[in-house]
Amino acid sequence: MDAFITAAGLVLHFDVLWVIVASAAFGMFVGAMPGLTATMATALLVPVTFFMDPVPALGAIVTATAMAIFAGDIPAALLRIPGTPASAAYADESYAMSKKGELDLNLGVNLVFSVFGGMVGVALLILCAPVLAEAAINFSSFEYFWLALLGLTCAIFMTTGDPLKGVTSLIFGLLINCVGIDPTAGFPRFTFGSVELLQGISFIPAMIGMFALSELLRGAVSVDERNVVLAQKIGNIFHGVWAVLKKYWFNFLRGSALGVFIGALPGAGADIAAWISFAISKRFSKTPEKFGTGHIEGIVDATSANNSALAAAWIPALVFGIPGDSITAIVIGVLYMKGMNPGPTVFLQNPQFIYAVFIIFVLANLLMFPLGWAAIKSAKQILRVPRNILLPIILLFCLVGSYAMTNSFYGVLIMLVLGIIGWLMEENGFPIAPAILGLVLGEMLEQNFMTSMIKADGNALMFFERPIAGVLGAVTVVIWGFMLWRGFMGRKATLAPTEPDPTGA
Amino acid sequence: MRANDAINGLVLILLAVAMIAITSSFPAFPGQPYGPSLFPRVLGTLLIICGALLIWRGMAARRAGAGWVEMAAWTRQPWRIVSFFLMLGSLLLYILVGDTIGFIPIAMVILLALFLWFGVRPLVAVITAVAATFVIHWFFATMLRVPLPRGLLDSIL
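Protein chains in written order, with my numbering: chain A, 1 to 505; chain B, 1001 to 1157.
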């Protein structure tokens, strides 16, 4: 309880609240702009939060991402372009509703159920995280090795794309992480005599490059595309939402629960939660034929799911230091830089900090009501911001942000190189998120792998001897077996002469 | 730019082989079989396997009629290619001459050039470039105390 009061004191501070409101507005804007994602909002925020105390820094990230995930629904309804990938699952459905003249109801439902879904996610985060932390305190290097590997496995397994390219991307991220001083013996690897490479590939410039610069490069070649906004007036968005809640309360609960579950899985986040819950909603609906014609039912499921997943992704991040999605991957990088290594010990040593995150999450979801309403009302103005002015300014921001991380041109160079690599990867169908997870988790994975190898003296069975490690190891092995099997079957299908290669390679 | 998976796989294999070759110069510690070279070697081996699978798949696609390299539609319009390299060039310019010229002049030049190229009206472009540069400079250099390079303006600031 003392820790809770300390935490409240840390959060309810003018400076912190100011940061939260400012980053909420920032998150709304970035989320509502098509082409700028919630992950990009985080990537752009991190250089700024680097200079803050831990609590406002986390406050900024939590609030901005929560807002961005909701705000992504707005252009989905108005333009049929999801503002963030998390809204992609129901962008068509939302747009169909708008065309039917139910734009107000759609936006109202998106706002209300985003807030409620977020609250469910936060509630479960508050309930589960401390309990799990208590169990995790007894974990040894074997458990952590398997957990890290399981997290990375989920990251590949849950991506919608090609698993082989996911694996490749992950290994590439882990290899980049090998540059610099190695964690067990302290030997400089792959530095080629450069002093700057000794510190390794700095995580934040790398992430700005891969998530923001690559996005800007894609934007630059299509800068003349105009957004055609529906010429509908936005009226009272809350009219009729109550009736939807009464009719579809079960969908809301199911969507939120599914969101929490998927979010809490290491490696899967809000966008996957939205896709799966939308599909489940359609599968179990009494009126599946209405899906695709502008039906609210699936939207209730999916919009609750993506917001609840966002909060739940913090469960593995805080308890094990294993990111639940690419946003929490960035958060974990930030925590390490702040000297607060995420993991069960944080719950014992700095419980006030954990409670502060909980309080910020609740505040962020409450703030979403007024700010979300304001964003919806000003949506047409936001969507009219010209991209040809926005892109160069964001480029400058990326440049300064990565410079600020190393206080040298080294940061900008990393951003430039990894930005080009990230762009090439996306062009060739390699997902970026696994590479970033590899970059974040690489050191932890290697450290626990090496410690375990030394302890086990090369005996692979030792990795399975402790009960929890055994279960985690078995689950990982089973998932890998399933993936290989599916990959094998899938390749047979793609090699069939009648079927064109879906990757288009 | 979309390359055939065989090319992607080949590049990855070359990268992995180079990395494994470098690890042979890493020191080993007496009585300790697991040194700094172990983890990169494991990863390198896995990357070679992935690369080989990609090559296999790429060759199959090639036999089915896919090209080696496919350029996206936008590359057929030269001004879009210029846009692409202008973004990268701005960053490179900053890295190369940022120290001597300084943040403020370079940022203004970069913004102005990009604005004008993207078709922003000249007056709007000049005003926005100056305003954005000063806001970002104020935010990072004054508020966050990032030592942005002063360059030419060193004597004035």
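Ideal placement from N, C-alpha and C gives every residue a C-beta, glycine not left out.
Please read all numbers here as calculations on a predicted model, not as lab measurements.
When the Cα atoms are used, ALA1003 (chain B) and GLU215 (chain A) turn out to be separated by approximately 19 Å. Spatial neighbours of PHE190 (chain A) in its own chain (CB-CB distance under 6 Å, excluding positions within 5 residues in sequence) are listed in chain order as VAL179.
Closer than 8 Å to the CB of SER1090 (chain B) there is at least one CB belonging to chain A. The alpha carbon of VAL223 (chain A) has as its nearest neighbour, out of B:VAL1082, B:THR1100 and B:ARG1063, the alpha carbon of B:VAL1082.
Unbroken alpha helix (DSSP H) stretches of 4 residues or longer found wholly inside the segment 139 to 212 of chain A: 141 to 157, 163 to 177, 195 to 198 and 203 to 207, given in chain order.
Taking all protein chains in view, the Cβ of ASP457 (chain A) is surrounded by fewer than 16 other Cβ atoms within 10 Å, so the residue is classified as exposed. Under the DSSP definition of a beta bridge, ARG1080 (chain B) lacks any partner.
At least one beta carbon of chain A lies nearer than 8 Å to the beta carbon of PHE1039 (chain B). Between the segment 325 to 340 of chain A and the segment 139 to 146 of chain A there are fewer than three C-beta pairs closer than 8 Å, too few to call the two in contact.
Bridge pairing for GLU1070 (chain B): B:ARG1002 [DSSP].
The Cβ atoms of GLY263 (chain A) and ALA313 (chain A) sit closer than 8 Å to each other. Under the three-state reduction of DSSP, PHE14 (chain A) is assigned to helix. DSSP lists B:GLN1032 as the beta-bridge partner residues of PHE1029 (chain B). For the pair ASN251 (chain A) and VAL300 (chain A), the CB atoms are nearer than the 8 Å cut-off. At a cut-off of 8 Å between C-beta atoms, PHE1134 (chain B) does not count as an interface residue with respect to chain A.
Looking from the CA of VAL1069 (chain B), the closest CA among B:GLY1044, B:TRP1056 and B:ILE1007 belongs to B:ILE1007. Straight-line measurement puts the Cα of LEU335 (chain A) at about 19 Å from the Cα of THR6 (chain A). Secondary structure of ASN407 (chain A) (DSSP, three-state): coil. Rounded to whole angstroms, TYR90 (chain A) and ALA76 (chain A) show a C-alpha spacing of 8 Å. Looking only at A:LYS290, A:GLY333, A:GLY401 and A:PHE361, the smallest Cα-Cα distance to ARG1145 (chain B) is reached by A:GLY401. In summary, the residues of the segment 361 to 395 of chain A whose CB is separated from some CB of chain B by less than 9 Å are PRO386, ARG387, ASN388, ILE389, LEU391, PRO392, ILE393 and LEU395, in the order they occur in the chain. Counting only Cβ-Cβ distances below 7 Å, THR191 (chain A) has no contacts in chain B at all, with the closest Cβ about 10 Å away. A straight line joining the alpha-carbon of LEU45 (chain A) with that of ALA1132 (chain B) spans about 17 Å. Judged by beta-carbon spacing, MET119 (chain A) lies within the 8 Å limit of ASN365 (chain A), meaning their Cβ atoms are closer than that value. For ALA404 (chain A), at least one C-beta of chain B is nearer than 8 Å to its own C-beta.
By alpha-carbon distance to LYS286 (chain A), the top candidate from A:PHE320, A:VAL319, A:TYR248 and A:ALA274 is A:TYR248. Using a Cβ-Cβ cut-off of 8 Å, ASN459 (chain A) is close to nothing in chain B; its nearest Cβ partner there is about 12 Å away. Note that the C-beta distance between THR184 (chain A) and PRO1105 (chain B) is not below 8 Å. The Cβ of SER222 (chain A) sits closer than 8 Å to at least one Cβ of chain B. Only those residues of the segment 1111 to 1128 of chain B whose C-beta falls short of 8 Å from the nearest C-beta of chain A are listed: LEU1111, LEU1114, PHE1115, PHE1118, GLY1119, VAL1120, VAL1124 and THR1128. For HIS295 (chain A), the number of other beta carbons within 10 angstroms of its own is at least 16, and it is reported as buried.
Between the segment 341 to 349 of chain A and the segment 167 to 177 of chain A there are fewer than three inter-stretch CB-CB distances shorter than 8 Å, so the stretches are not counted as touching. Its Cα nearest to that of PRO351 (chain A), the residue A:ALA129 stands out among A:THR65, A:GLY481 and A:ALA129. In this structure TRP1079 (chain B) is exposed. Its beta-carbon is surrounded by fewer than 16 other beta-carbon atoms within 10 angstroms.
One thing to note: LEU78 (chain A) has its Cβ within 8 Å of the Cβ of LEU383 (chain A).
Counting along the chain, the unbroken alpha helix (DSSP H) around LYS380 (chain A) starts and ends at 379 to 383.
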